[in-house]
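Here the structure is laid out as structure tokens; the discussion comes afterwards.
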Amino acid sequence: MSTDVPSSCPCDLTCSMHFTAQTSRQHIPSPYPHLLSTTAGPSSDAEAAVLLAAVERAGEEISRLDEALERLHHRQKELDAFAKTHRAVLSVLRRVPDEILLEIFQHLLTPTRELDSSSTAPWVVGRVCRRWRIVALTSPRLWRHFNLPDLRIAQSRLLSTVLPVQLERARGTPISIEFGRFETFQPIIDFFLCVITMGGPEVNLLPSLPAVVNLMLELDGDTFPRDMLIPWSQLHNCNVHNLELLDLLWVLPQLALDANVTIRGAFDPDPSALEITTFVGSLKLVYFSGTFLIDFLAHLVAPALHTFCLTASVVDRVAGMGQAIVAFLGLTQRTLKRLLLPMVLSEDDLVLILESPHLRDVVHVDIPASIFSPRAIAALGASPLPALRKLVLCGTDLDETALLAALATHHQSILLSRERKGLDAHSGLQLVLL
């Protein structure tokens with residue numbers, strides 16, 4: 001076997017490879033091998049000099065090998081760093097398109113988190129790398145959520161730094177703003193109007209207010225902000241909490257045709273209120289008093305109403321609720337299609353509503369089964385309800401046989417279901433028992 005050293009080294013360290021090859025392939029001869037197997041020393045000064053020279057040469061060789069090892073270790077570190085950096089280039093994440101990366105970022109958004117540049121998602125991902133920052137800064141939808149904490153903190157820190165910057169980065173996209181609970185509402189309006197007008201055209205959001213289509217306004221003992229620039233006529237969904245009756249009657253006539261309205265809160269009647277007309281398409285009342293319901297419906301005309309919903313959260317039962325509902329439905333000009341009634345209604349109220357001629361065009365009725373008494377079943381059998389296609393009864397206290405017999409009086413095809421969804425294509429009446 002040849003012991004020749006390679007003429008070239010693949011790592012460009014010829015001397016180091018040379019030393020390594022020599023060490024692994026050549027035996028180092030001893031000048032006096034017979035002395036190694038005995039306790040005898042050199043017999044003369046000449047032999048001692050030869051041995052000393054051999055030891056010095058071995059030491060020099062060791063020094064050269066140490067230098068070669070140091071160079072090899074340095075080269076190893078360079079190769080490790082090269083492999084690590086280039087392995088990172090092959091990462092799947094680097095090959096993810098910007099559109100997919102943006103979709104991932106959007107799932108990181110937490111609308112309820114207070115606005116803070118140190119923890120909210122768009123600010124955090126923008127600090128990871130240059131590419132992520134570019135994606136974040138060129139995606140206004142990432143910056144659309146504004147949850148403002150205590151107003152005193154907002155005025156001192158957010159007003160001067162974070163809020164104006166994020167408003168500018170959210171340019172051109174619908175934004176969501178949530179204010180904390182404060183003693184009065186007017187300072188919030190003043191603060192917000194100040195912020196959106198303090199910057200350049202990118203920050204000024206006043207021209208965007210006419211584009212608002214969904215609004216949730218919750219007041220807690222505050223004066224209703226009638227001077228706020230809210231485009232009531234363009235709202236698709238209007239959700240208002242704790243409004244006084246006069247303010248509510250001021251808002252409803254301004255809403256657009258077919259707007260969806262949800263009203264939440266218990267209100268006191270107001271004898272000074274005037275009758276008003278609204279063309280909203282859907283009206284949902286949540287958590288209200290029976291007294292307010294009677295007074296509210298007595299002052300309201302909704303000729304375009306197609307959905308009327310009263311939740312089960314009526315706080316009291318007041319005589320005359322059924323009559324108030326029937327009188328109100330009589331002014332809908334036969335546009336009502338969906339009727340959802342609450343559990344608090346009495347048997348007399350329910351029978352009065354079912355016997356009303358104003359339900360002839362109703363397609364969907366949702367009633368708690370707990371108030372669906374034999375008398376109510378009889379009233380249902382006596383009422384034609386020719387357009388009815390879906391009757392939903394929630395509860396277990398129900399005589400199904402009597403109910404089916406009553407419905408069969410006017411409906412030849414009845415499909416019984418135990419699920420609220422999925423069978424709307426049935427041509428006859430769908431009876432849903434939950």
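To convert, note that position 107 of the sequence shown is 107 in UniProt numbering; the numbers rise steadily by one, no gaps.
Beta carbons are placed, not taken as given, at the ideal position from N, Cα and C, and that holds for glycine.
- Note: I367 is bridge-paired with L393 in the DSSP secondary-structure output.
- Excluding sequence positions up to five before and after P31, its CB lies within less than 6 angstroms of the CB of V50 and A54, all in the same chain and listed in chain order.
- Apart from sequence neighbours up to five positions away, the residues of its chain that approach M216 with a beta-carbon distance below 7 angstroms are N239, ordered along the chain.
- For L415, the secondary structure class from DSSP, reduced to helix, strand or coil, is strand.
- Exclusion of the five residues before and after A256 leaves S233 as the residues of its chain whose Cβ lies within less than 6 angstroms of its Cβ.
- Around the beta-carbon of S176, fewer than 16 other beta-carbon atoms lie within 10 Å, marking it exposed.
- If you look at V286, you'll find it in the beta strand (DSSP E) that goes S282 to V286.
- Of all alpha-carbon atoms in L380, L90 and A136, the one lying nearest the alpha-carbon of D98 is that of A136.
- In the structure shown, the three-state DSSP call for S176 is strand.
- When the five nearest sequence neighbours on each side are left out, the beta carbons in the same chain lying within less than 7 angstroms of the beta carbon of I414 are those of L404, L407, A408, G428, L429 and L431, in order along the chain.
- Here DSSP, grouped into helix, strand and coil, assigns L108 to coil.
- L108 and V89 do not touch by the CB rule: their CB atoms are close to 25 angstroms apart, not below 8 angstroms.
- Collapsing the DSSP output to three states places T278 in coil.
- H241 is a Cβ neighbour of G265, given a cutoff of 8 angstroms.
- Just measuring C-alpha positions, the residue of A81, H74 and G320 sitting nearest V351 is G320.
- The beta carbons of L336 and D361 sit about 7 angstroms from each other, so the pair counts as a contact at 8 angstroms.
- P384 is positioned such that its CB atom lies closer than 8 angstroms to that of H410.
- Residue pairing of Q430 in beta bridges, as defined by DSSP: K390 and L415.
- Partner residues in the beta bridge of M216, as assigned by DSSP, are N239.
- In this chain, L93 is not harboured by any alpha helix (DSSP H), its DSSP state being neither H nor E.
- In the same chain as L310, and ignoring 5 residues on each side of it, the C-beta atoms closer than 7 angstroms to its own belong to L285, L340, L341 and P342, in chain order.
- Just so you know, the alpha carbons of P253 and R171 end up roughly 32 angstroms apart.
- Annotated three-state conformation of R169 is helix, per DSSP.
- Under DSSP, the beta-bridge partners assigned to F146 are I177.
- The closest CA to that of H236, considering only E355, V212 and A68, is found on V212.
- In this structure, DSSP gives V261 an extended state, which the three-state scheme calls strand.
- Here the alpha carbons of H145 and A121 stand approximately 10 angstroms from one another.
- Looking at the DSSP output, T291 bridges to nothing.
- When the beta-carbon positions are compared, L248 and I263 come within less than 8 angstroms of each other.
- Ranked by how close their Cα comes to the Cα of S346, the residues C394, G290, L102 and E244 have G290 in first place.
- When DSSP states are grouped into helix, strand and coil, T307 belongs to the strand group.
- Excluding sequence positions up to five before and after S417, its CB lies within less than 8 angstroms of the CB of L423, Q430, L431, V432 and L433, all in the same chain and listed in chain order.
- Counting C-beta atoms within 10 angstroms of its own C-beta, Q166 has 16 or more neighbours from the protein chains shown and is therefore classed as buried.
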